[in-house]
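In the working numbering, the protein residues as written are 3 to 414.
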């Protein structure tokens with residue numbers, strides 16, 4: 003594991019970072035990870051090869067006994083990845099880009115009451131859209147088939163009930179979030195890929211986003227608190243609402259991509275995968291119940307598929323989880339940053355012209371009107387995806403199923 007030249011802290015015995023020596027690791031991230039692992043009640047800590055620093059460590063999972071720390075989830079509660087494997091026919095990339103731009107500009111729920119939309123998605127996730135008046139028929143039909151999340155009931159939404167949240171549904175958000183049409187380029191596990199509807203050359207809608215301003219509001223409400231007893235139940239009920247809301251948001255963004263592919267029908271969808279990598283769940287370690295906090299750590303239970311996201315110029319990988327107990331049945335959620343946003347703007351603006359940023363090394367297109375974001379989210383600002391995935395495979399956390407190379411990437 004490569005690190006910065008500064009002295010690094012010694013990890014406590016119950017903590018481990020799962021990264022090969024050729025994966026560069028930010029020194030501040032290791033320090034932050036160690037501090038959390040040393041907190042009272044932490045019984046296991048797993049750092050992923052995409053570990054980097056934030057308000058709390060990003061790319062990590064922590065197990066706590068009898069306490070919950072909301073700040074470890076942060077202000078993007080429920081963030082995750084939604085994948086739709088489609089039967090859509092291939093199109094020229096330039097034409098596909100135009101269709102994506104049109105779809106992203108549509109007001110999907112223009113005739114709907116935003117408070118009614120918020121209430122439905124808070125309590126029932128994407129499936130709640132079937133109960134909202136004036137939702138377009140094609141979206142309602144797709145929502146009918148969406149899975150109900152395995153969560154406790156959502157809490158009282160009164161403190162968060164704002165039409166702005168309802169109007170935000172179907173938007174990507176800033177930062178590292180994106181919507182992408184990808185092509186299945188390499189298949190390593192044909193049987194599992196086939197069961198998921200992933201075939202070489204097939205087109206896949208891939209969405210990475212979360213709960214938008216709602217998650218940030220919940221994060222502010224709980225701040226740096228450490229919760230015990232009944233306070234845990236109150237927070238988890240709010241978190242459940244945010245996770246369901248985030249699921250609905252991913253679904254609506256994906257509907258835009260499916261419209262661009264002329265595939266917004268269930269008979270055009272081969273398979274669906276939806277995972278949450280920012281959340282807290284009650285799970286067992288060696289038969290003992292603990293609270294697993296995941297922030298930028300994708301769940302990877304044995305036999306279940308998961309996704310590790312590439313940068314806009316690198317493939318994402320669909321993996322099969324091995325349920326590695328030492329890693330808290332988790333894997334990295336992406337490549338992980340190696341430059342701060344400020345560093346990326348300063349360094350990459352001298353390396354690349356603005357006109358060069360609309361295309362990727364793979365011939366893909368970037369839909370983004372924010373020049374700063376184009377530099378901040380440039381592939382050079384991230385670690386290479388290959389050693390990150392190799393770390394997960396070598397450590398026995400997961401096995402590769404298929405790679406997804408981006409054709410059109412949307413950033414907002």
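Glycine is no exception: its CB is placed at the ideal position from the N, C-alpha and C atoms.
Would you identify the three-state DSSP class for residue i, choosing helix, strand or coil?
i	result
residue 8	For residue 8, the predicted structure reports a pLDDT of 44, less than 50, and the residue's modelled location is therefore unreliable. The matter cannot be settled from this model.
residue 123	helix
residue 162	helix
residue 377	helix
residue 191	coil
residue 316	coil
residue 352	coil
residue 18	strand
residue 257	helix
residue 382	helix
residue 342	coil
residue 268	helix
residue 397	coil
residue 174	coil
residue 406	strand
residue 263	coil
residue 359	helix
residue 413	coil
To which residues does DSSP link residue i through a beta bridge?
i	result
residue 334	299
residue 156	Bridge partners of residue 156: none, in fact.
residue 179	Answer is none; residue 179 lacks a bridge partner.
residue 291	286
residue 364	For residue 364, which the question treats as bridged, DSSP gives no partner whatsoever.
residue 390	Residue 390 pairs with nothing; no bridge assigned.
residue 323	400
residue 44	66
residue 60	54
residue 251	Residue 251 pairs with nothing; no bridge assigned.
residue 307	322
residue 185	205 and 407
residue 276	84
residue 281	296
residue 49	19 and 62
residue 38	Beta-bridge pairing links residue 38 to no other residue.
How would you label residue i, buried or exposed, when you count the other beta carbons within 10 angstroms and need 16 or more for buried?
i	result
residue 393	buried
residue 8	In this prediction, residue 8 has a pLDDT of 44, which is less than 50 and means its spatial position is unreliable; nothing more can be read from the coordinates.
residue 291	exposed
residue 326	buried
residue 42	exposed
residue 6	In this predicted model, residue 6 has a pLDDT of only 47, less than 50, meaning its place in the structure is not dependable enough to derive any value.
residue 398	exposed
residue 203	exposed
residue 355	exposed
residue 136	exposed
residue 91	exposed
residue 97	exposed
residue 281	buried
residue 15	exposed
residue 166	exposed
residue 423	The chain is shown only over 3 to 414; residue 423 falls outside these bounds and no answer can be derived.
residue 302	buried
residue 28	buried
residue 182	buried
residue 194	buried
residue 267	exposed
residue 353	exposed
residue 344	exposed
residue 226	exposed
residue 130	buried
residue 99	buried
Segment contact flag, the segment 19 to 29 with the segment 43 to 54, C-beta cutoff 8 Å, min 3 pairs
The segment 19 to 29, when compared against the segment 43 to 54, does touch it at the 8 Å Cβ threshold.
Curious, which full-length beta strand (DSSP E) runs of at least 3 residues does the segment 193 to 239 contain?
For the segment 193 to 239, whole beta strand (DSSP E) runs of length 3 or above, ordered along the chain, are 205 to 211.
Pair every Cβ in the segment 284 to 295 with every Cβ in the segment 256 to 273, then say whether three or more of these pairs are closer than 8 Å.
Segments in contact, no.
Does the segment 62 to 81 come close enough to the segment 255 to 268 to have 3 or more Cβ pairs within less than 8 Å?
These segments do not touch.
Whole beta strand (DSSP E) elements within the segment 69 to 156, 3-residue minimum
Here the runs fully enclosed are 82 to 88.
Measuring CB atoms only, is the segment 243 to 250 touching the segment 151 to 162, in the sense that at least three cross pairs come out at less than 8 Å?
Flag = yes, the segment 243 to 250 and the segment 151 to 162 touch.
Between the segment 100 to 109 and the segment 75 to 85, are three or more C-beta pairs nearer than 8 Å?
Taking a cut-off of 8 Å on C-beta distances, the segment 100 to 109 does not touch the segment 75 to 85, as fewer than three cross pairs fall below it.
Quick one: any contact between the segment 51 to 66 and the segment 206 to 214, if contact means 3 or more CB pairs under 8 Å?
Not touching, per the Cβ criterion.
Are the segment 225 to 235 and the segment 119 to 127 in contact at 8 Å, needing three or more beta carbon pairs?
Note that the segment 225 to 235 does not touch the segment 119 to 127; fewer than 3 beta-carbon pairs, one per stretch, sit closer than 8 Å.
Between the segment 306 to 321 and the segment 329 to 345, are three or more C-beta pairs nearer than 8 Å?
Contact between the segment 306 to 321 and the segment 329 to 345 is established, with three or more Cβ pairs separated by less than 8 Å.
So, does the segment 142 to 152 touch the segment 190 to 207, judging by three or more C-beta pairs under 8 Å?
The segment 142 to 152, when compared against the segment 190 to 207, does not touch it at the 8 Å Cβ threshold.
The segment 252 to 259 / the segment 164 to 184 touching (three or more Cβ pairs under 8 Å)
Cβ pair count under 8 Å is three or more, so yes.
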